[in-house]
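Engineer: Numbering follows the UniProt record's numbering, with no gaps: position 225 of the sequence shown is 232.
For every residue, glycine included, the Cβ atom is placed at its ideal position computed from N, Cα and C.
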Amino acid sequence: DTGVVRRERFSGGPARGFLSSLAADERIFHADLAVDRAHVVMLAEQGIVDDDTAGEILQALDDVEDAGHGALPDGEDVHEAIESAVIDRVGAEGGKMHTARSRNDEVATCIRYRLREDVLDAVENTIALREALVDVATEHTETVMPGYTHLQPAQPTTVAHYLRSYEAAVARDTARLLDAYDRINQSPLGSAAFAGTPFDVDRERTAELLGFDSVLSNSMDASAARDFLAETLSALATHATTLSGLAEDVIIFANKGYVDLSDDYSSTSSIMPQKKNPDTLELVRGTAGDAVGGLTGLLTTLKGLPRAYNRDLQRAHGHAFDAVDAVADATDVAAGAVATATWNAEVLASEAADGFSTATGVADLLAMAGIPFRTAHEMVAEAAAKANGGNPSVATLDAVAEEVLGASLWEYVTRDAVEAALDPAESVASRDSQGGPAPTAVAADLETAAS
Ligand code: ARG
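Below is the structure:
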């Protein structure tokens, strides 16, 4: 039995465990069976393997799938183990399954087959996160909050404007994952070790049977290419970085009392009874480490690999599978935390004007009245200095106008207009440029997000 000979050839050596990917290959067990089936069907259709043998092999593959990955015989990897299991059931004829292919095109096909499913699952989660962000934003177009630059109070904005900013970023993350998907979904099968095959294989047919969009033509490229992993990990690392910023903000906002996380997304302390900690969001923030680490690990593995196949590649795809799991979970948790958190409108409103955050709006008002913006900026800065960290009164602003312009402020603007500019809600409402925080502008922008 040729199967026995094959297994003896690979049976020993102190490095056997080191060489074997069988345990990690559980991830691609079902993918390998699908790839085997498509290949065997194509071999039969092309008259390369007779129908009876193909039927027996397909029957054996069903049997192997029913028994599960754990029941496979020992092997260097899942491809070899499944082949051995088929030969155990069918006899030596089962070895015809591996006609006109190599484990090199086989494994590349399996990784792509499995990863495209994982990427679509991850994308479902990014879409759910976008929906959560839009839903909560829609409820909070009027909820004024402090906006920050350099983590210092900058200008008042709204919770809706803030959340939509992340929805827009997650929309681009989603598009990047789908771009990666397009290039994952190409078939290397039929390229064999790298150098093609003398058998009359139909590569378009196996691609079609496996649901791939197209065939990777050059057989050396097809079996060696792993740039689809780099692209996927890059998209995942970018998304994880987006998530880390969102998580960091919400952790800070929870610390300030702006937002309450639901108990479902909080943890307690084993010693401090009063604690309610944002652990879930800290783990979301930390997931960027997994994804960026995975991208770095992958690129380091791929760098400088000669054409065509090298066993280093066995250590490449695990980075992508680990990262897609971690990032998809983090996305799911972020969506749940956002959907269930409570924004404290009163606390947010009372702090929205802190640190003279309406200063820019006052300068804008003076500039609209004809005072050069740079002069207006200096006047408001002077008033801010006089207010000693507090918010200047209307009288202080008028006094500065006398100093700088030699004229009363009321020659330029009305008292009502200045009072409105100093009010955070009015300040927000005035900034109604496209994409700005005014409730009307955010509502219009959210319409485009939902479409
Ligand atoms: N298990 C291998 C991998 O994951 C595939 C087998 C190719 N092995 C070989 N020696 N050509 O890359």
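According to DSSP, simplified to helix, strand and coil, what is serine 440?
Structural biologist: Three-state result, serine 440: coil.
Engineer: Taking glycine 82 as the reference, which of Val425, Thr116, Ala92, Tyr316 has the closest Cα?
Structural biologist: That would be Ala92, whose Cα lies nearest to the Cα of glycine 82.
Engineer: Looking only at its own chain, which residues have a Cβ that is under 6 Å from the Cβ of threonine 9, when we skip the five neighbours before and after it?
Structural biologist: Unreliable positioning characterises threonine 9 in this predicted model, as indicated by a pLDDT of 48, which lies under 50. A coordinate reading is not provided.
Engineer: Is serine 269 buried or exposed, if buried means 16 or more other CB atoms sit within 10 Å of its CB?
Structural biologist: Exposed: under 16 other Cβ atoms inside 10 Å.
Engineer: Can you tell me whether threonine 455 is buried or exposed, with buried defined as 16 or more other CB within 10 angstroms of its CB?
Structural biologist: Exposed is the call here.
Engineer: Can you tell me whether glutamate 238 is buried or exposed, with buried defined as 16 or more other CB within 10 angstroms of its CB?
Structural biologist: Buried, since its Cβ has 16 or more Cβ neighbours within 10 Å.
Engineer: So is proline 205 buried or exposed if we call it buried at 16+ other beta carbons inside 10 Å?
Structural biologist: Result: exposed.
Engineer: Any heavy atom of the ligand ARG closer than 8 Å to the CB of alanine 200?
Structural biologist: Within the cutoff, so yes.
Engineer: For methionine 152, which three-state DSSP category applies?
Structural biologist: DSSP places methionine 152 in strand when its eight states are reduced to three.
Engineer: Going by other Cβ atoms of all chains shown within 10 Å of its Cβ, with 16 needed for buried, is histidine 86 buried or exposed?
Structural biologist: That one is buried.
Engineer: Starting from glutamine 162, follow the beta strand (DSSP E) in both directions and report where the run begins and ends.
Structural biologist: 159-165 is the extent of the beta strand (DSSP E) around glutamine 162.
Engineer: Residues in the same chain with beta-carbon distance under 6 Å from alanine 448, minus the five sequence neighbours each way, listed in chain order, please.
Structural biologist: Taken in chain order, the residues that qualify are Asp439.
Engineer: Just to confirm the assignment, what range does the alpha helix (DSSP H) spanning phenylalanine 206 have?
Structural biologist: No alpha helix (DSSP H) holds phenylalanine 206; DSSP gives it neither H nor E.
Engineer: Give every residue of the same chain whose Cβ lies closer than 8 Å to the Cβ of aspartate 84, excluding the five residues on either side of it in the sequence, and list them in chain order.
Structural biologist: Taken in chain order, the residues that qualify are Ser27, Ser28, Leu29, Asp32, Arg110, Val114, Gln321.
Engineer: How big is the Cα-Cα spacing for valine 63 and glutamate 124?
Structural biologist: Note on identity: in this sequence residue 63 is glutamate, with valine being the wrong assignment. Going from the Cα of glutamate 63 to the Cα of glutamate 124 covers about 29 Å.
Engineer: Do you know how far the Cα of alanine 323 is from the Cα of arginine 179?
Structural biologist: So the alpha carbons of these two residues sit roughly 26 Å apart.
Engineer: Can you name the residues that DSSP bridges to threonine 349?
Structural biologist: Paired residue(s): Asp267.
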